[in-house]
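Chains A and B are the protein sequences, given in the same order.
The first sequence begins at 1119 in the numbering used here and counts up by one.
The second sequence begins at 55 in the numbering used here and counts up by one.
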Amino acid sequence: MSFPWAEEYRPKSGFMRWLDQRLPLPRLVYGAVGGGYPVPRNLNYFWNFGVLAGIALTIQIVTGIILAMHYVPYDQQAFQSVEHIMRDVNQGWLLRYLHANGASFFFIVTYIHIFRGLYYGSYKAPRELVWMLGLVILLLMMATAFMGYVLPWGQMSFWASKVITGLFGAIPLIGEPVQNWLLGGYAPDQPTLNRFFSLHYLLPFVIAGVVILHIWALHIPGSSNPTGVEVKTAQDTVPFHPYYTAKDGFGLGVFLILLAIVTFFAPNYLGHADNYIPANPLSTPSHIVPEWYFWPFYAILRAFTVDFILPAKLWGVLAMFGAIILLFFLPWLDPSPVRSGNYRPRFRQFFWILMLDIVVLGWCGGLPAEEPWVMVSQIATIYYFAHFLIILPILSWTERTEPLPNSISESVLHGEAAESAPADLAGLRPAGAAE
Amino acid sequence: MVRLLGILIGLGFVLVAAWSLAWGVAAYVSEPHEETVEHRFHQEPRDIAFSFDGPFGKYDRPQLQRGFQVFKEVCASCHGLSFVAFRDLHDLGYGEEEVKAIADQWQIEVPAVDSKTGEASTRKALPADRFPSPYPNEVAARAANRNALPPDLSLITKARHGGAPYIASLLTGYRNPPADLPADSRPGEGLHYNPWFANLNIAMPPPLTADGQVSYADGTNPTREQMAKDVSAFLAWTAEPKLENRKAAGLATLAFLLFATILAYMAYQNIWHGGASRRVRQTGVLDPDNMAKRDEASREAGIAGNP
Chain A
1119 MSFPWAEEYR PKSGFMRWLD QRLPLPRLVY GAVGGGYPVP RNLNYFWNFG
1169 VLAGIALTIQ IVTGIILAMH YVPYDQQAFQ SVEHIMRDVN QGWLLRYLHA
1219 NGASFFFIVT YIHIFRGLYY GSYKAPRELV WMLGLVILLL MMATAFMGYV
1269 LPWGQMSFWA SKVITGLFGA IPLIGEPVQN WLLGGYAPDQ PTLNRFFSLH
1319 YLLPFVIAGV VILHIWALHI PGSSNPTGVE VKTAQDTVPF HPYYTAKDGF
1369 GLGVFLILLA IVTFFAPNYL GHADNYIPAN PLSTPSHIVP EWYFWPFYAI
1419 LRAFTVDFIL PAKLWGVLAM FGAIILLFFL PWLDPSPVRS GNYRPRFRQF
1469 FWILMLDIVV LGWCGGLPAE EPWVMVSQIA TIYYFAHFLI ILPILSWTER
1519 TEPLPNSISE SVLHGEAAES APADLAGLRP AGAAE
Chain B
55 MVRLLGILIG LGFVLVAAWS LAWGVAAYVS EPHEETVEHR FHQEPRDIAF
105 SFDGPFGKYD RPQLQRGFQV FKEVCASCHG LSFVAFRDLH DLGYGEEEVK
155 AIADQWQIEV PAVDSKTGEA STRKALPADR FPSPYPNEVA ARAANRNALP
205 PDLSLITKAR HGGAPYIASL LTGYRNPPAD LPADSRPGEG LHYNPWFANL
255 NIAMPPPLTA DGQVSYADGT NPTREQMAKD VSAFLAWTAE PKLENRKAAG
305 LATLAFLLFA TILAYMAYQN IWHGGASRRV RQTGVLDPDN MAKRDEASRE
355 AGIAGNP
């Protein structure tokens, strides 16, 4: 697909040749994730996370479909049906805990995947659409996760759905009709639960579709790499299979071990105790919080406390959605030709401040809206917007970057990447074969 | 262009957030910030060890049976256990006949329909029934409890921060209000001071009032502390009946995953840094010149080589 020296698919048996001539599905797979996809040889472990996110999505879909066979999207029975799964369905507890914690791990690997893209400049030309499709996946994931959290119809489910749909109520004029339209009423109720179930079942397949576009768009320029230098010759690449399938296999093992530790030994650690209380519209929990993966955005939402031309709540909503929307413009906000943070010393410092900033935002988002945490979250919010909208654009004008290696293989030979394929095995196709 | 626009929008958000921050700081500095009463008097759950803690933890069957006895004789008069069925008591070590007898002799009957007249009636519980609620509905429950609603206990240890230690702390946590407790936080009519409860004043009267309130068949000394621990362990079981299956499955899964991951790591190392014997130098058969010669030779011999 991507490079002229990409290995062409050769059917190994008569049947595969027969199939290849009629439905070249093996050819597609071979070119996408097989020996026919040349990948930079210097990828580090941060490049494992795309595959891990794909596997996390698969785990969610498989466990989710089975859970849906036992779940009842009816407000009087939803909570009971979840407990029925936990107590009476064979291995139901495993399915549900795996699904709930799998969602958390899906976000963990996706966030690391995004941070990797931020650090190594994977969003830059010619990969802008890869980046933007990834952000579309993130938004779809957020919608799916939020609606999934509502389905058990516990106290947090109910009140989180009220608070989150209430955000749309902050929009002037059309806000309230939109909120009522989303909920199917004036408050979360049976229509809300039923439509959230329907959409929660639908959206993962939409995500899977956008994942295909994401990978398709990726395969045109090929994978980025830690140096940020484009692939020049066959020496720079190794075939995806077996090199990166083997490495991803190891990464998958580590991922599954961590997922298993949480799922089997601390399955409720990432959840909230209040969601084991059935939804009660007459009793507001003292402290309404979303799931942990929304905490940074929740902190941004609550950081705007004072009206300024627009109501504070509207500022909070704009900022919260803006915090993700601005990432769509990142390729143009930071047009520095040097991609990788490894060669941008000043960028690197700000990047790590941003990482710390997001942790602080997450921390504040999980706490009650009390001082001094609101002030801390306001400072962190200021940095978040300043980083992407002010610091990065100025940096890309003024920064002095370090010299780039001439090629990926040169950087590997100089020991800049600890792990690299030996020249002999990697270079099955000699350098001169590029033309 | 995008950068200029971005800087402008960024400045906008930064300024508005800074405006909020300025007000926040001003309020924080000018207004006295007192500790809330809850903050001063509320207690974290005591550090109580249970047999089911940790990755190898298991339920202590005799303790669950004792806890069930406390539930039956003390809690069940006000609290339901609606997600648990009598048949589930097999897990506690009771036999078929014992479970049947427990269901049959349960103090509250199960709602039923009279098969002749069709009128609402009640019947004795069967092992397949879930524990019947002590009150027919929420209104009746509130009416009998000064408008407080005794929560269903099936999930209580998962529905409260602190789990089983919290329940045990709460059950033994009734105190006389301290002298320095502000007047508006003192327990009102029908409330009881308990620093383990979120807002310090709980409607539930002290359930475990004296040592020896229940008599344990297994000879354990029924101190208040012991009864509180036992019933908390029982309620941990009602909330998480599959805990032992979960931990056993977890250990097996981890053992498998560790093994598979070590194999995967070795496969990864093997493919990337394969044995020296398989190493082929650039000057060897894969040398561009050599390959060209080989291809030419293949072509001359009429053998299909690499295109």
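C-beta atoms are modelled at their ideal positions from N, C-alpha and C, and glycine is treated no differently.
These figures come from a predicted structure and were not determined experimentally.
Chain A contact residues for residue i, given Cβ-Cβ distances below 8 Å
| i | result |
| --- | --- |
| B/His87 | Glu1489 |
| B/Leu308 | Ile1375, Ala1378, Ile1379 and Phe1382 |
| B/Leu311 | Gly1371, Leu1374, Ile1375 and Ala1378 |
| B/Tyr148 | The premise fails here: B/Tyr148 is roughly 17 Å from chain A at the closest Cβ pair, so nothing lies under 8 Å. |
Residue burial classification, residue i (beta-carbon count within 10 angstroms, cutoff 16)
| i | result |
| --- | --- |
| B/Ser223 | buried |
| B/Leu311 | buried |
| B/Asp158 | exposed |
| B/Gly60 | buried |
| B/Val320 | According to the sequence provided, residue 320 of chain B is Met. The question's Val does not apply to it. Exposed is the call here. |
| A/Thr1516 | exposed |
| A/Gly1153 | buried |
| A/Asp1354 | buried |
| B/Asp234 | exposed |
| B/Gln119 | buried |
| A/Phe1242 | The question names Phe, yet the displayed sequence has Lys at residue 1242 of chain A. Looking at its Cβ environment, which holds 16 or more other Cβ atoms inside 10 Å, A/Lys1242 is buried. |
Residue range of the beta strand (DSSP E) that includes residue i
| i | result |
| --- | --- |
| B/Val164 | Val164 to Val167 |
| B/Arg177 | Ala174 to Arg177 |
| A/Thr1355 | Thr1355 to Pro1357 |
| A/Pro1158 | Pro1156 to Pro1158 |
Residues that residue i contacts on chain B, provided the C-beta gap is smaller than 8 Å
| i | result |
| --- | --- |
| A/Val1227 | The premise fails here: A/Val1227 is roughly 16 Å from chain B at the closest Cβ pair, so nothing lies under 8 Å. |
| A/Tyr1394 | Leu209, Lys212, Ala213 and Ala293 |
| A/Pro1497 | According to the sequence displayed, residue 1497 of chain A carries Ile and not Pro. Ordered by position in chain B, the residues that pass the 8 Å Cβ test against A/Ile1497 are Leu75. |
| A/Leu1451 | Val56, Arg57 and Gly60 |
| A/Asn1386 | Lys212 |
| A/Tyr1361 | Ile325 and Trp326 |
Residue i versus residue j - alpha carbon distance
| i | j | result |
| --- | --- | --- |
| B/Ala174 | B/Ala166 | 6 Å |
| B/Arg353 | A/Leu1331 | 42 Å |
| A/Leu1400 | B/Glu294 | 27 Å |
| A/His1390 | A/Val1281 | 16 Å |
| B/Phe67 | A/Trp1334 | 35 Å |
| A/Ser1514 | A/Gly1220 | 38 Å |
| B/Ala213 | B/His133 | 15 Å |
| A/Gly1371 | A/Phe1164 | 15 Å |
| A/Thr1310 | B/Asp272 | 52 Å |
| A/Asn1162 | A/Ser1529 | 13 Å |
| A/Phe1314 | A/Pro1270 | 11 Å |
| A/Gly1210 | A/Met1204 | 5 Å |
| B/Asn255 | B/Ala81 | 31 Å |
| B/Asn253 | B/His144 | 38 Å |
| B/Ala302 | B/Ala202 | 40 Å |
| A/Leu1146 | A/Gly1369 | 24 Å |
| A/Leu1485 | A/Trp1491 | 8 Å |
| A/Val1349 | A/Phe1412 | 37 Å |
| A/Val1456 | A/Asn1343 | 12 Å |
| B/Arg332 | A/Pro1360 | At B/Arg332, the pLDDT of 43 sits below 50, so the modelled position is not reliable and the matter cannot be decided from this model. |
Within chain A, the residues that residue i reaches when beta carbons sit closer than 9 Å
| i | result |
| --- | --- |
| B/Ser187 | In chain order: nothing, as chain A lies at least about 14 Å away. |
Where residue i meets chain B, residues with beta-carbon distance less than 7 Å
| i | result |
| --- | --- |
| A/Phe1447 | Val56 and Gly60 |
| A/Trp1211 | Lys296 and Arg300 |
| A/Lys1365 | Tyr322 |
| A/Met1493 | Leu75, Gly78, Val79 and Tyr82 |
| A/Phe1201 | Residue identity differs from the one stated: residue 1201 of chain A is Glu in this sequence, not Phe. Simply Phe137. |
Endpoints, alpha helix (DSSP H) assigned at residue i
| i | result |
| --- | --- |
| B/Gln123 | Arg115 to Glu127 |
| B/Asp284 | Arg278 to Ala293 |
| B/Lys170 | Run containing B/Lys170: none; DSSP gives neither H nor E here. |
| B/Gln159 | Here B/Gln159 belongs to no alpha helix (DSSP H), and DSSP marks it neither H nor E. |
| B/Ser223 | Gly217 to Leu225 |
| B/Ser74 | Val56 to Ser84 |
| A/Met1134 | Gly1132 to Arg1140 |
Any non-hydrogen atom of the ligand PLP closer than 8 Å to residue i Cβ
| i | result |
| --- | --- |
| A/Asp1193 | In the structure on display, the ligand PLP does not appear, and there are no ligands present to speak of. |
Partner residues on chain B for residue i, Cβ-Cβ distance less than 9 Å
| i | result |
| --- | --- |
| A/Gly1459 | None at all; the shortest Cβ gap to chain B is about 19 Å. |
| A/Ala1504 | Gly64, Leu65, Phe67 and Val68 |
Chain A residues whose Cβ lies nearer than 7 Å to that of residue i
| i | result |
| --- | --- |
| B/Ala314 | Gly1371 |
- [ ] Could you name each continuous alpha helix (DSSP H) segment of 4 residues or more that falls completely within the region 1424-1502 of chain A, going from the start of the chain to the end?
- [x] Every alpha helix (DSSP H) of 4 residues or more that sits fully in the region 1424-1502 of chain A is shown, in chain order, as 1430-1443, 1448-1451 and 1463-1484.
Open item on the list: List, from N- to C-terminal side, the alpha helix (DSSP H) runs of 4 residues or more that fit wholly inside the region 1235-1320 of chain A.
Closed with: 1246-1268, 1273-1286 and 1293-1301
TODO: Enumerate, from N- to C-terminal direction, the unbroken beta strand (DSSP E) stretches of 3 or more residues contained entirely within the region 1334-1402 of chain A.
DONE: 1355-1357
TODO: Go through the region 1167-1218 of chain A residue by residue and report every complete run of the alpha helix (DSSP H) that reaches 4 residues or more, in order.
DONE: 1167-1186 and 1196-1205
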